[in-house]
Amino acid sequence: MLEPNSSLYSQKIRVVARLTMLWAFSESVIGGVLHAVGIPIKGMALAGLAVLFISMIGRFSDRRGDILQATITVLLVKGLISPHSPFAAYFSVFIQGCLGELIFSAFGVHRFSTIVLGAINVSFSSVQKIFMLTILFGINFWEALNQGSAQLIRSFFGVETEHFITGLMILYVTIYFIAGIIAGWIAWKLPRLISDFSNSTEFRNFHSNILSENLSSDSDWGVTKRKKPSFLRRYRFYVPLLIIISCLPILLTGVIPPGDVLYILIRSFLILGLWSIFFSKNLLRFTRKYLFKTKKSRYQKQVDEIIQTFPKLNSIYGRIWKSTSDCSILYRLRISLFYLLAVILFDVENSENSEEIEKSTDGAT
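Here our numbering is used: position 251 in the sequence shown is 251, and no number is missing along the way.
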């Protein structure tokens with residue numbers, strides 16, 4: 001345990017604060033960029049980034065509860081920067097932080113626990129989507145898909161299969177599970193990877209190119225300006241209400257059998273309408289009211305500091321995205337993550353700080 005007055009203790013506190021800042025930035029801003037460029041695995045990418053930040057917070061922190069405090073701070077920042085995010089997004093961040101605090105408190109921060117956290121957190125992202133689809137469309141939806149796919153496969157290939165869609169769902173969760181293991185492994189190796197990257201020729205060349213970039217606006221790197229609300233957006237309350245009024249008589253009279261495709265579609269429209277009007281807004285309102293009234297005064301200073309750094313982070317991230325426009329998406333994600341961590345988190349221009357932190361992480365178990 002480090003003494004509170006030691007320089008290394010103070011350095012670790014600063015690193016945890018910056019990790020929290022970068023986690024909040026990834027949830028509030030990078031997620032929007034990933035959505036703008038049309039990445040189909042945005043949920044996997046954001047969950048993987050959360051694993052990286054949570055694991056490093058647990059690794060640099062010597063105090064229990066720091067991960068939960070960071071989670072609440074991220075939720076507060078997300079509520080201010082992205083107030084229109086769905087309730088599921090807040091719930092995902094909360095569960096990810098709670099799992100990180102639970103696993104690292106029970107088993108410590110080491111290679112195995114980090115990989116377990118990655119596997120569970122990223123897998124949860126896929127299971128959450130399947131769960132939401134099941135609530136929306138019902139069990140009959142999956143049965144109908146299984147029957148329809150069985151008929152298609154029998155017609156084209158002459159093969160009998162009864163659970164094709166179920167197999168695809170298992171494969172889908174398995175892919176997320178493997179991605180989570182990889183994210184956990186990278187999270188454990190990340191301090192060493194960042195240290196090697198900051199000392200490489202690639203970093204020096206990239207750093208000089210970034211400094212020479214001159215971006216005029218956010219639109220240069222894929223962030224679009226807010227548009228005037230459309231007609232449907234202005235009257236979005238009345239659309240779900242009209243759907244509910246139209247669907248209820250059909251379902252209550254029993255004209256359509258429960259297993260029918262039309263019944264599944266009408267049921268899903270009804271649930272979406274009820275969720276949009278009565279549940280979604282109230283849950284979000286309650287969540288924000290609780291977080292901002294009971295927690296904001298405690299985290300006010302940190303939240304304000306994080307939000308004040310967002311213009312600088314936006315500028316750096318924009319320069320990275322602009323200078324790597326001709327590269328693959330995987331390279332752009334890797335180089336942006338490594339560069340932000342090297343410059344902002346590890347303060348590579350201060351070699352003494354970098355070496356001191358590196359020694360502390362080498363001794364982690």
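Think of the CB as a built atom: it goes at the ideal place given N, C-alpha and C, for glycine as much as any other residue.
Any idea what DSSP makes of residue 358, helix, strand or coil? Only weak support exists for where residue 358 lies, its pLDDT of 48 falling under 50; the value from the coordinates is given anyway. Residue 358 falls in the helix class under three-state DSSP.
Three-state secondary structure (DSSP) of residue 121: Residue 121: helix per DSSP, three-state reduction.
Could you work out which residue in 44, 50, 314 and 88 is closest to residue 175 when comparing CA atoms only? 44
Enumerate in chain order the residues of its own chain whose CB-to-CB distance from residue 100 is below 7 Å, with the five nearest sequence positions on each side excluded. 54, 58, 67 and 117, listed in sequence order.
With 16 as the cutoff for other CB atoms within 10 Å, does residue 167 come out buried or exposed? Exposed, by the Cβ-count rule.
Pick out whichever of 72, 184, 78 and 124 has its Cα sitting closest to the Cα of residue 104. 184
With a CB to CB cut of under 6 Å and the five nearest residues on each side skipped, what residues in its chain are close to residue 223? Bear in mind that a pLDDT of 39 at residue 223, under 50, signals an unreliable position, so the number given afterwards is only what the model happens to contain. There are no such residues.
Can we say the segment 142-157 touches the segment 190-210, given the rule of at least three CB pairs closer than 8 Å? no
Return helix, strand or coil for residue 207, following the three-state DSSP convention. helix
Beta-carbon within less than 8 Å of residue 52's beta-carbon, same chain only, minus the 5 sequence neighbours each way: which residues are those? 183, 186, 187, 190 and 337
Thinking residue 70 and residue 114 are a contact (beta carbons under 8 Å), I'd like their distance in whole angstroms, please. 16 Å between Cβ atoms; not a contact.
Straight-line CA distance for residue 301 to residue 79? 16 Å
Secondary structure at residue 327, three-state DSSP: helix, strand or coil? coil
Residue 93 vs residue 50 beta-carbon contact at 9 Å: yes
Rounded to the nearest angstrom, what separates residue 11 and residue 312 at their Cα positions? 21 Å
Ordered along the chain, which non-local residues of its own chain (more than five positions away) have a Cβ less than 8 Å from that of residue 73? Beyond the five residues adjoining it in sequence on each side, residue 73 comes within less than 8 Å, by CB distance, of 20, 24, 299, 302, 303 and 306 in the same chain, given in chain order.
Residue range of the alpha helix (DSSP H) that includes residue 161: First-last for residue 161: undefined, no H or E at that position.
Straight-line CA distance for residue 152 to residue 86? Whole-angstrom Cα-Cα distance: 36 Å.
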